[in-house]
RNA sequence: GCCCGCCUGGCGGAAUGGUAGACGCAGCGGACUUAAAAUCCGCAGUCCGCAAGGGCGUGGGGGUUCGAGUCCCCCGGCGGGCACCA
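Residue numbers (the UniProt record's numbering): 1 to 878.
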């Protein structure tokens, strides 16, 4: 042993070899850019295998957050991997740039929504670029670009001509103080978020897309979406909500405002004999008729109007009703009549806005009838119950059984009774069997400035006139005043005054703008030819659509995805494209979560405001930095600004680099699940990036020249080669299955194996092969480090890793010589045996029985059954 | 309220119905260092036991099976969506 103090060390000690990410990451980003590694043509050449990777585009809030980092890292891994697998990959990025926050900024800070939005986009683009994503930025656009929303107006008009657009009355949240339509999120406990005024429902004439025309197809086609998560398909199916039932017309005992009948929709015509009341929505004409002559009915209707328009608010409200005094005749029971109530739980939008109540067999009806003392007549007998003494408990009975108390339906089961009841209704001309859909038409009108203007003109003489194509785009005016309440477009002094395109007389522009869901319903198609004059170029969309892999949050499982599916069908039927389904593969990622912190006064604290202590027993506690007051460490929850539990990706990239951020966000857990962001986890990921760099850098001087074949190795070198090729196979399988955390784990194990490899013949070549493999296998996840390693191992190489094909495992090195089998007795593990791969069953059973601990457990008892699962397990039943 | 998920060591998680806890984080012990950081080596579900080994263990309860984290039923907790947030 040499005395270290007397010997100089010309070489740096291994731990001082460091990967300089600050220098390397921008360098490799520039190299990819310089070689246009990610550019693809609008129309791929014949024979190219196209692959369209798309992540849900972000709302430009101003800063990227960890949810974005996760989303775009996942997409980038797929894009880089598919590129390496020989696909021509399109991977674009854009901005979902219209929406409420820009208007809020305008009202709060006096900044123009456009200025605010484009500044935010510039910031976020710079942040995204630092992540080293393989995005083709030349395709970028924002939905608030007139070049985009002008084309959207063209689509709107084409949809109108195709009969997919209608005007209808519908209800909105109205703030009577601010004179504004409120979004559901702006209604807090029934009051306007700014004014605090009680919100009312108000009826407006609005624009609708006829999504219900496609309801059967949207439901049916879910079956063909093989690469969508089942739960998303299930949620969509439930949302579309096909149900079979009947429309039943009830004759009113006396004519009300010229009406003689009320029509209800029911899925349970079998329970008609259990009817005890009829209920209508507060918006139903009968409710209006009652209100017109009964002030208390009017008061109840007005109260219902204060309930908000969201389904959750309506269904969670206490069930309340008002007896109108009207009565209806029962279709089957001669002479029987029942009261007509107005009920707050009946939805005008669903079915006919009226129901018949059968409390014995419907939970909501039961609750309502119990509250108001209405009759409860059971008509479905649960199996095994006695019809004579049968009484309901404190709940409705909603399952199948034998019909009783029901005249001609008695004795039938529920499905048969439904059919018979419908036959009888049809025979009497009092109803028909129908299929009803829960899905409603898509109301796209918004009374706001920062959105795509709906291209129509209202003329007193000609009615609603579409803006002629040659007058498109209808541009938003720049000079808008946000100081007045209401819609700035409506308030604008000149913008809305135009000549009618049809008769030339003074007319008025439509001042409603589009729901921002419209913007996001076709952006994936626009990316295929982002600068085209038309909304899309046929050759480009025909070549690139559908999106092969779409990635985004589960929170979009229903609305955005369903609207996009509708829009694609609409574009198909108006000749813009050919496909019906926009997204062939869908992956829904989980949220990024973080601990939350509160000070003694209950105020939320940012993580950097907290100083942590670790007690010897492992419990963590915290104090407010500087103040030394105790901090409550709260639940791990979705990162949000209001809870201040956010972590700024920019700061993480500054400190550790993009590769580390990407590696950690992939390594921690499966991408479909929520993940917790922890500082310790990032630090661990950073250490790993340094570790592989060091592994390569320290081994380099001992490696044979690049290109030295590793074939024919034996002993330790062969073992390492087996690990290399098994890792290639395992990482490939993991990436194919979106199991990125497993891919990361395999690469960790691989790094451990390279570090542990003993010296031996051929080890140099085996190590070179292993190190080159680890660089290339980790390249979809850590692209900059991969390039750095590759350039270290293969200086002067023509291609970047980003341009190389994926590695193939050598099947000869995947085969094992022997395998370990678990031996169980009665399903409990008692030992393991090592057998040659080609051992026959008799040999295996003999070896298993001979195992010492197995012998002891069997203890001479007769073996009744021997089970052998090849390659896995042997089980003895004694 | 309705629809859809999720629940495994101190923590994140792994596991075609077949050795539960791979891999990582945190922790502990050791090496290196004047020291620290960094790095390297090792230990580690839990209880009993010197050990060999055994008991218990995948939110709780039941079931199917030679065998259940995995399949079925019930219950609990947490989360997403509910049509004008995106």
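Glycine residues also receive a C-beta, built at the ideal position from the N, C-alpha and C atoms.
A quick note: this is a predicted structure, and the numbers were derived from the prediction, not measured.
Asked	Found
Please specify which runs of the alpha helix (DSSP H), each continuous and at least 4 residues long, are wholly inside the stretch 210-272, giving them in chain order.	215-220, 230-240
State whether the stretch 171-190 contacts the stretch 145-163, with contact taken as three or more CB pairs (one from each stretch) at a distance under 8 Å.	no
Which residue or residues does DSSP assign as beta-bridge partners of residue 458?	464, 508
Beta-carbon within less than 6 Å of residue 140's beta-carbon, same chain only, minus the 5 sequence neighbours each way: which residues are those?	93, 94
What span of residues does the alpha helix (DSSP H) with residue 573 cover, start to end?	559-573
I'd like the list of long-range same chain contacts for residue 348, defined as Cβ closer than 7 Å, with 5 residues on each side in sequence excluded.	281, 283, 284
Given a cut-off of 8 Å on the beta-carbon distance, is the pair residue 402 and residue 378 in contact?	no
Starting from residue 824, trace the beta strand (DSSP E) both ways and give me its first and last residue.	818-825
Skipping 5 residues on each side, what residues in its chain have a beta carbon closer than 8 Å to that of residue 837?	815, 816, 817, 818, 819
Locate the alpha helix (DSSP H) running through residue 115, then write down its first and last residues.	113-130
Are the CB atoms of residue 708 and residue 765 within a distance shorter than 8 Å?	yes
Would you call the CB atoms of residue 64 and residue 269 closer than 8 Å?	no
For the stretch 852-859 against the stretch 821-833, are there 3 or more C-beta pairs whose distance is under 8 Å?	yes
From residue 18 to residue 664, what does the alpha carbon distance come to, in whole angstroms?	19 Å
What did DSSP end up calling residue 720 once you bin it into helix, strand or coil?	helix
Give a yes or no on whether the C-beta atoms belonging to residue 372 and residue 382 are separated by under 8 Å.	no
How would you label residue 964, buried or exposed, when you count the other beta carbons within 10 angstroms and need 16 or more for buried?	Because the chain in this structure spans residues 1 to 878, residue 964 falls outside the shown range and cannot be described.
On the CB-based measure, 16 or more other CB atoms within 10 Å of its CB, does residue 435 come out buried or exposed?	exposed
Tell me whether residue 159 counts as near the ligand HEM, meaning its Cβ is closer than 7 Å to at least one heavy atom of that ligand.	The model depicted lacks the ligand HEM and carries no ligand whatsoever.
By the three-class DSSP mapping on this structure, what secondary structure does residue 514 have?	strand
Measure the Cβ-Cβ separation of residue 131 and residue 662 and say whether it is below 8 Å.	yes
For a minimum of 4 consecutive residues, which ranges assigned as the alpha helix (DSSP H) are wholly contained in the stretch 145-186?	146-161
Nearest CA to the CA of residue 679: which residue from 668, 672, 740?	668
Would DSSP call residue 50 helix, strand or coil?	strand
Leaving out the 5 sequence neighbours to the left and right, which residues in its chain are closer than 7 Å to residue 618 when beta-carbon positions are compared?	With a pLDDT of 43 at residue 618, under the threshold of 50, the predicted position of this residue should be treated as unreliable, and no value is reported.
Compare the beta carbon distance of residue 589 and residue 558 with 8 Å and say whether it is the shorter of the two.	no
What is the rounded straight-line gap between the Cα of residue 209 and the Cα of residue 418?	33 Å
Quick one, which of 529, 541, 563 has its alpha-carbon nearest residue 515's?	563
Answer yes or no: do residue 232 and residue 586 have a C-beta to C-beta separation smaller than 8 Å?	yes
So residue 589 is in the beta strand (DSSP E); what residue range does that whole segment cover?	586-589
When we look at the beta-carbon of residue 576 and count the other beta-carbons within 10 Å, is it buried (16 or more) or exposed?	buried
Taking the continuous beta strand (DSSP E) assigned at residue 90, which residues delimit it?	88-90
Any idea what DSSP makes of residue 761, helix, strand or coil?	coil
Round the Cβ separation of residue 788 and residue 24 to the nearest angstrom and send it over; I've been treating them as touching at under 8 Å.	5 Å
Cα separation between residue 489 and residue 571?	28 Å
Over what stretch of residues does the beta strand (DSSP E) that includes residue 341 continue unbroken?	337-343
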